[in-house]
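Trainee: Residue numbers (this note's numbering), protein chains in the order written: chain A, 129 to 475; chain B, 129 to 475.
Take this structure first; my questions come after.
What follows is the structure, encoded as structure tokens:
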């Protein structure tokens, strides 16, 4: 979507509106990143949460920018269906931005918000934006974007995305969307039992702990990756996480950090194996060479690095593809890869 | 715990204080059941929920009764640990009843609330009370109490309970406690994928639907078994459940009830298989004869009947063991089997 004004005077703001987080990137006309940020946005509690999230970040964003929106938030169960979700999110953004804006569609490129014909190619297309951006730059590779809730795996070859799934349901079926992330995933959703020292320990089907507790305990939870309250509304500390994880196994934590860490390790292993398996399947299905590079994005990109290296694959963090990025923005740029991608695709 | 007053003048009230429901049974000195009721009691939201639940039922219960308490509610994550949970529940009951009362302990019988030495034999012992009561009457058999959240499997032989687990963690490990019930179990806790017509469909790790939606859709959810709001706070209707189940699979419901029911059937099958497997293991481990009778209790006792009959086992609902029980109390008596058992054990 080009406009009449000369390009060099513009700045571009990418909005990635998820079901749990709002991510925003502001990039200058030379492609350099000015701002990247993420804030909690619990859309399952209602569309007003998007307004709250917007107001928590909009002070730092000047007006008169060109705005580009992508989303997964339409799947929140506060909407009667995805179609309603897409419309309500777009309406809310129109109200907040007070101007027309661009929307990323997978199949028709970037279009004006008032000209959207096909809801399906707006709903949950954020992975496609990041994949498209990467495919243009790297020609061949595989993107693994491990976010708070889900992990997208997007292979690309000869400068084009190579996927079989076209929406959440089919992407899950083909292993291109793994419903497991670095912070929000409830432990009960990972498995109903975990092997520790050769013994299988069942867990409680209760919302007592999330994978954020697991990675916190293992020292692998990035700062600010976990923006939500803990399951018991208690402290985001090692002790708190140990207590919550032990509770999943029906135990009271006795203060032994080592035992709790062994359990956390067992849980992390099962989660990583599910991503690793999907990655192997996709490499094979798309006939990608063994020397292909895995590009890690999302707040879990360092977990992605471990998974790739365990399979003997090359790895590169997404931020390395960004020019002149200050070191202190590397983590947040990886986390907000899609917000950057949509802004840059519009540039 | 006997008292000085003559038995014939007494009535006995059994309190089964769970983490999600409060169950109460009032029985007369001849053993006949006067009142049985169940109310929601979301203890994870705090101990004041027990007071609310108590006040919602206490108008129907006269004072001067003998009260007996058992619990599982101490595992709620509003308590720092189980010990604190047990003490806070007992304190709350002391405050509410304004008199001393009896507490069921697995190992030391029924003791006065002010004389409890061993917290471990108070915490999550409700299954033992029901098992003990049954073992006295039936000599040999296997109790399956399928509640809203969990399923207890308690074999008994020669008039004694035959179990290996002694607390939640070990009972889960030995298959005596299955963390799966008829209403509160989130679908994501049952499995991460379900086979439908030979295809494996992954689901979202989101709290979009519970097993209550599954059984409602299959016409097998007993009335009043699901006292909690739905995941999306929308209607407890077939349509609402179909929509929530389809959302788990990443789909919008298109109005086709048949497709949604096929998915519900696939989920129910996996859940029932986990109970069925544990049952088979326990029959074998305890060398119970193939002609042993399965006694079904809990709001899911009719599901238990299907599981037992599929294995070619005899089945009897718990309510058939109660004398002179009016037909309209059969379901609620099954659901509150433990509350009846503790009251009757004290009689």
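In this text, a Cβ means the ideal position worked out from N, Cα and C, and glycines have one as well.
#1: For residue 308/A, which residues in chain B fall below 7 Å Cβ to Cβ?
#2: Please name the residue, chosen from 426/A, 257/A, 336/A and 301/A, that lies closest to residue 350/A on a Cα-to-Cα basis.
#3: Using 9 Å as the threshold, is the C-beta distance between residue 445/A and residue 423/A below it?
#4: Using three-state DSSP, classify residue 254/A as helix, strand or coil.
#5: Residues of the stretch 360-385 of chain B with a CB closer than 7 Å to any CB of chain A: list them in chain order, please.
#6: For a cutoff of 9 Å on Cβ pairs, would you count residue 295/B as touching chain A?
#7: Can you pull the chain B neighbours of residue 329/A, defined as C-beta to C-beta under 7 Å?
#8: Going by DSSP, what residue range makes up the alpha helix (DSSP H) through residue 367/A?
#9: Could you round the C-beta distance between residue 317/B and residue 392/A to whole angstroms and report it? I think they count as a contact, below 8 Å.
#10: Taking all protein chains shown into account, decide if residue 375/B is buried (16 or more other Cβ within 10 angstroms of its Cβ) or exposed.
#11: DSSP three-state call for residue 318/A: helix, strand or coil?
#12: What's the C-alpha gap between residue 410/B and residue 304/B?
#13: Just to confirm before moving on: does the CB-CB distance between residue 313/B and residue 399/B stay below 9 Å?
#14: For residue 452/B and residue 290/B, what's the separation of their Cα atoms in angstroms?
#15: Only counting the same chain, and skipping five residues up and downstream in sequence, which positions put a Cβ closer than 7 Å to that of residue 171/A?
#16: Have a look at residue 474/B and residue 140/B and give me their C-alpha separation to the nearest angstrom.
#17: Would you mind telling me which residues of chain B sit closer than 7 Å to residue 313/A, beta carbon to beta carbon, in chain order?
#18: Taking only the alpha-carbon atoms, compute the straight-line gap between residue 346/B and residue 319/B and give it to the nearest angstrom.
#19: Given residue 428/B, which residues of its chain have a CB within under 6 Å of its CB, disregarding the five upstream and five downstream residues?
#20: Could you please give the first and the last residue of the uninterrupted alpha helix (DSSP H) stretch that includes residue 409/A?
#21: From the DSSP secondary-structure annotation, give me the bridge partner or partners of residue 282/A.
#22: Considering only residues of the same chain and omitting the five flanking positions on each side of residue 241/A, which have a CB-CB separation below 8 Å?
#23: Just to confirm the assignment, what range does the alpha helix (DSSP H) spanning residue 90/B have?
#24: Identify, in the order they occur along the chain, each residue of the same chain with its Cβ nearer than 6 Å to the Cβ of residue 336/A, setting aside the five sequence neighbours on each side.
#25: Rounded to the nearest angstrom, what separates residue 293/B and residue 301/B at their Cα positions?
#26: Nearest CA to the CA of residue 175/B: which residue from 161/B, 248/B and 208/B?
#27: Which first and last residues belong to the beta strand (DSSP E) in which residue 442/B is found?
#28: Quick one: residues in its chain with C-beta nearer than 7 Å to the C-beta of residue 476/A, no 5 flanking neighbours on either side, listed in chain order?
#29: Using the Cβ count rule (16 or more neighbours within 10 Å means buried), how would you classify residue 132/B?
#30: Can you tell me which of 378/B, 342/B and 383/B puts its alpha carbon nearest to the alpha carbon of residue 364/B?
#31: Taking just the CA atoms, how far does residue 325/A sit from residue 143/B?
#32: Any idea what DSSP makes of residue 457/B, helix, strand or coil?
#33: What in chain A is Cβ-close to residue 316/B, meaning under 8 Å?
#34: How should residue 447/B be labelled, buried or exposed, when 16 other C-beta atoms within 10 angstroms of its C-beta is the threshold for buried?
#35: Mind checking if residue 336/B is an interface residue toward chain A, Cβ cutoff 9 Å exclusive?
#36: Could you please give the first and the last residue of the uninterrupted beta strand (DSSP E) stretch that includes residue 362/A?
Mentor: On the basis of the coordinates in this document:
#1: Within chain B, the residues near residue 308/A are 333.
#2: Comparing alpha-carbon positions, the option among 426/A, 257/A, 336/A and 301/A lying closest to residue 350/A turns out to be 426/A.
#3: Remark: C-beta atoms of residue 445/A and residue 423/A approach each other more closely than 9 Å.
#4: It is helical.
#5: Answer in chain order: 360, 375, 377, 378, 379 and 380.
#6: So, interface residue.
#7: At a beta-carbon threshold of 7 Å, the residues of chain B lying near residue 329/A are 301, ordered along the chain.
#8: Boundaries of the alpha helix (DSSP H) harbouring residue 367/A: 366-376, taken from the DSSP string.
#9: So it is not a contact: roughly 19 Å between Cβ atoms.
#10: Buried is the label assigned to residue 375/B, since at least 16 other Cβ atoms lie within 10 Å of its Cβ.
#11: If DSSP states are grouped into helix, strand and coil, residue 318/A belongs with coil.
#12: Using only the alpha carbons, I get a separation of about 8 Å.
#13: The answer is yes: Cβ separation under 9 Å.
#14: Straight through space, the alpha carbons of residue 290/B and residue 452/B are spaced by roughly 29 Å.
#15: Sequence-distant Cβ neighbours of residue 171/A in its own chain, meaning closer than 7 Å and more than five residues away, are 147, 177, 178, 201, 204 and 206.
#16: Roughly 8 Å between the two C-alpha positions.
#17: Neighbours of residue 313/A in chain B, taken as residues whose beta carbon is under 7 Å from its own, are 333 in chain order.
#18: Approximately 19 Å, taken between the alpha carbons.
#19: Taking C-beta separations shorter than 6 Å and ignoring five residues to either side along the sequence, the partners of residue 428/B in its chain run 274 and 310, following chain order.
#20: Its alpha helix (DSSP H) spans residues 385-413.
#21: Under DSSP, the beta-bridge partners assigned to residue 282/A are 271/A.
#22: Residues 197, 218, 221, 222, 228, 229, 230 and 231 of the same chain have their beta carbon placed closer than 8 Å to that of residue 241/A, with the five preceding and five following residues left out of the count.
#23: This structure cannot settle anything about residue 90/B, because the visible part of chain B is limited to 129 through 475.
#24: 359, 372, 375 and 376.
#25: Those two C-alpha atoms are separated by around 8 Å.
#26: Measuring from the Cα of residue 175/B, the nearest candidate turns out to be 208/B.
#27: Counted as a single uninterrupted DSSP element, the beta strand (DSSP E) harbouring residue 442/B occupies residues 442-445.
#28: Residue 476/A falls outside the range modelled here, since chain A spans only 129 to 475, and no answer is possible.
#29: Residue placement at residue 132/B is flagged as unreliable, the pLDDT there being 49, under the threshold of 50; the coordinate-derived value follows with that caveat. Counting Cβ neighbours within 10 Å, residue 132/B comes out exposed, since fewer than 16 surround it.
#30: For residue 364/B, the nearest C-alpha among the options comes from 342/B.
#31: So the alpha carbons of these two residues sit roughly 40 Å apart.
#32: Three-state DSSP puts residue 457/B in a helix.
#33: One finds 314, 316 and 317 in chain A with Cβ atoms closer than 8 Å to the Cβ of residue 316/B, taken in chain order.
#34: Residue 447/B comes out buried.
#35: Yes, residue 336/B lies at the interface with chain A (some Cβ there is under 9 Å from its Cβ).
#36: For residue 362/A, no beta strand (DSSP E) run applies, since DSSP gives it neither H nor E.
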